[in-house]
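Engineer: Here this note's numbering is used: position 331 in the sequence shown is 335, and no number is missing along the way.
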Amino acid sequence: MKKLLAAATLALGVSVSGLALAEPLKIGMITTLSGGGAGLGIDTRDGFMLAIKNSGNKDITVVTEDDAQKPELAVQIADKMIQSDQVDVLTGIVWSNLLMAVAPGAVAQGKFYVSTNAAPAQLAGVNCNRLYFNAAYQNDNLHEAMGEYANKGFKKMFILAPNYPAGKDSLTGFKRYYKGELVSEVYTQVGQTDYAAEIAQMRASGADGIFVFLPGGMGIAFMKQFAQSGVKIPVMGPGFSFSQDVLPAIGDAALGAKASGQWAPDFDNPASKKFLADFRKEYNRLPSIYAVQAYDAAQLILSAASRASVKDADAFRAELLKADIQSPRGKFKFNTNQHPIQDIYLTEVVKQDGVLTNKTVEKIFADHGDAYAKDCKI
5 MKKLLAAATL
15 ALGVSVSGLA
25 LAEPLKIGMI
35 TTLSGGGAGL
45 GIDTRDGFML
55 AIKNSGNKDI
65 TVVTEDDAQK
75 PELAVQIADK
85 MIQSDQVDVL
95 TGIVWSNLLM
105 AVAPGAVAQG
115 KFYVSTNAAP
125 AQLAGVNCNR
135 LYFNAAYQND
145 NLHEAMGEYA
155 NKGFKKMFIL
165 APNYPAGKDS
175 LTGFKRYYKG
185 ELVSEVYTQV
195 GQTDYAAEIA
205 QMRASGADGI
215 FVFLPGGMGI
225 AFMKQFAQSG
235 VKIPVMGPGF
245 SFSQDVLPAI
255 GDAALGAKAS
265 GQWAPDFDNP
275 ASKKFLADFR
285 KEYNRLPSIY
295 AVQAYDAAQL
305 ILSAASRASV
315 KDADAFRAEL
325 LKADIQSPRG
335 KFKFNTNQHP
345 IQDIYLTEVV
355 KQDGVLTNKT
365 VEKIFADHGD
375 AYAKDCKI
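1) With a cut-off of 8 Å, do at least 3 Cβ pairs link the region 341–354 to the region 129–144?
2) Return the CA-CA distance between Met150 and Asn167, expressed in angstroms with no decimal places.
3) Does the structure place the region 185–199 close enough to the region 302–310 that three or more beta carbon pairs sit under 8 Å?
4) Count the other C-beta atoms from every protein chain shown that fall within 10 angstroms of the C-beta of Arg333, then say buried if there are 16 or more, exposed otherwise.
5) In whole angstroms, what separates the C-alpha of Pro169 from that of Pro75?
6) Only counting the same chain, and skipping five residues up and downstream in sequence, which positions put a Cβ closer than 7 Å to that of Gly171?
7) Which of helix, strand or coil does DSSP assign to Lys183?
8) When the Cα of Asp300 is compared with those of Asp328, Ala322, Val314, Arg311, which residue comes out closest?
9) Under DSSP, the beta strand (DSSP E) around Phe226 begins and ends at which residues?
10) Check whether the Cβ atoms of Ile31 and Ile97 sit closer than 7 Å, and answer yes or no.
11) Expressed to the nearest angstrom, what Euclidean distance is found between the alpha-carbon atoms of Lys277 and Thr361?
12) Name the DSSP bridge partner or partners of Ala165?
13) Among Asp47, Ser264, Ser38, which residue has its Cα nearest to the Cα of Asn288?
14) State the Cα-Cα distance for the pair Ala82 and Ala110, rounded to the nearest angstrom.
15) Could you give the distance in angstroms between the alpha-carbon of Ala15 and the alpha-carbon of Tyr136?
16) Quick check on DSSP: helix, strand or coil for Ile382?
17) If we call anything under 7 Å between Cβ atoms a contact, is His343 one with Asp374?
18) Compute the Euclidean distance between the alpha carbons of Asp316 and Ala377, then round it to the nearest angstrom.
19) State the DSSP-derived secondary structure class of Tyr117, mapped to helix, strand or coil.
20) Check whether the Cβ atoms of Gln232 and Tyr199 sit closer than 7 Å, and answer yes or no.
21) Of the choices Thr95, Gln126, Pro124, Leu103, whose alpha-carbon is the least far from that of Tyr117?
22) Rounding to the nearest angstrom, what Cα-Cα distance links Val194 and Ser100 in this structure?
23) Leaving out five residues on either side along the sequence, give the residues of the same chain with a beta carbon under 7 Å from the beta carbon of Ile203.
24) Pull up the distance between the alpha-carbon of Ser245 and that of Ala211, whole angstroms please.
25) According to DSSP, simplified to helix, strand and coil, what is Lys277?
26) Under the three-state reduction of DSSP, which class applies to Pro336: helix, strand or coil?
27) For Thr364, which three-state DSSP category applies?
28) Just tell me which of Val354, Gly265, Arg284, Ser313 has its CA closest to the CA of Glu366.
29) Assign Ile348 to one of three DSSP states: helix, strand, or coil.
30) Per DSSP, His372 forms a beta bridge with which residues?
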């Protein structure tokens with residue numbers, strides 16, 4: 005385990021800039037910084053640290069370590085952060101199988117976990133916890149939006165995702181809203197990079213649309229191979245399949261692809277414009293939705309910490325629930341299960357000034373929650 009950032013004594017987010025913390029705060033970030041999922045973790049780290057840097061407080065320490073996309077390593081890191089580093093809050097995990105390995109143990113030890121991305125159904129419903137918050141979405145949400153979009157003209161869909169918790173949530177979400185015929189539902193291996201067999205199935209399926217949830221290197225490999233195959237069926241997916249971290253590697257094969265997301269670089273609100281400008285200045289690239297989600301997670305943690313001690317769990321939780329931040333997404337509030345209620349949009353991959361990016365097309369859902377909140381009894 006390589007400690008990538010021992011201490012960052014930088015400071016608070018946009019809506020609470022300049023406010024003193026109730027007491028010094030130590031945050032443990034576990035994220036994926038190597039291997040095929042590194043782009044997701046790098047954007048997560050960078051978005052989070054931008055909110056930290058943009059603040060004015062000197063009492064924040066962030067300890068960051070690479071989980072290498074391995075659940076057993078993530079658990080080891082979390083235990084070390086809790087027991088040796090004595091962090092107050094944990095965050096940063098990208099992958100749902102890793103989060104399911106870490107979050108239950110963390111909250112059992114009395115630590116808050118604020119998720120920047122992973123959002124498995126189990127933690128949104130019957131296994132929700134007062135110390136677990138999700139700043140991103142619930143796994144099903146963006147896929148539900150694409151199921152709703154696919155109802156507009158797509159009669160036969162081929163759907164595909166990796167065989168892990170987020171992949172299963174993905175296709176569950178799509179099916180919850182899609183009313184047409186499913187010609188095939190396929191689960192692939194996590195980290196798979198050869199999709200020849202699946203593309204052959206798509207070619208022969210009779211589908212008039214393809215929905216894929218393949219984040220990181222999986223999506224890069226699939227889209228390149230799909231473009232080379234000559235199959236002309238339209239491909240769509242959640243924002244993760246065509247997020248800013250993978251578009252440069254996919255290249256023009258992504259042009260025209262429709263996706264769903266809760267933010268895009270063309271959002272016209274002051275918080276989004278500031279975030280976009282600050283991120284480009286700091287990192288010389290466009291941010292992805294992973295960066296936005298992490299930026300907001302940092303804002304949420306720091307907003308709460310400016311008003312309550314993390315040692316007083318009830319008070320700190322009450323402040324987190326207020327979601328008193330200026331989100332680049334615009335409207336943002338927590339549902340009863342401590343997952344977001346937010347708008348979700350259709351986007352399209354375009355090229356602007358020679359750079360591939362996502363452009364907002366229309367709003368699919370307004371004030372969208374999740375299907376599991378009713379089962380959460382906190």
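Think of the CB as a built atom: it goes at the ideal place given N, C-alpha and C, for glycine as much as any other residue.
Structural biologist: A quick look at the data gives this:
1) With a cut-off of 8 Å, the region 129–144 and the region 341–354 count as touching, because enough Cβ pairs lie within range.
2) 19 Å
3) no
4) Residue environment analysis places Arg333 among the buried positions, since at least 16 neighbouring C-beta atoms fall within 10 angstroms of its C-beta.
5) Put simply, the backbone Cα of Pro169 is about 13 Å away from that of Pro75.
6) In the same chain as Gly171, and ignoring 5 residues on each side of it, the C-beta atoms closer than 7 Å to its own belong to Ala165, Tyr191, Phe217, in chain order.
7) coil
8) Asp328
9) First-last for Phe226: 221–233, but that is the alpha helix (DSSP H), not the beta strand (DSSP E).
10) no
11) 16 Å
12) For Ala165, which the question treats as bridged, DSSP gives the partners Tyr191.
13) Asp47
14) Using only the alpha carbons, I get a separation of about 7 Å.
15) Residue placement at Ala15 cannot be trusted, given a pLDDT of 34 that sits under 50; what the coordinates show is reported in the next sentence. About 23 Å.
16) coil
17) yes
18) Approximately 25 Å between the Cα atoms of the pair.
19) DSSP places Tyr117 in strand when its eight states are reduced to three.
20) no
21) Thr95
22) 12 Å
23) Gln229, Phe230, Ser233, Val235
24) 19 Å
25) Three-state result, Lys277: helix.
26) First, the residue type needs correcting, since residue 336 is Phe and not Pro in the sequence shown. Correct three-state label for Phe336: coil.
27) The three-state secondary structure of Thr364, taken from DSSP, is strand.
28) Gly265
29) strand
30) Partner residues in the beta bridge of His372, as assigned by DSSP, are Gln346.
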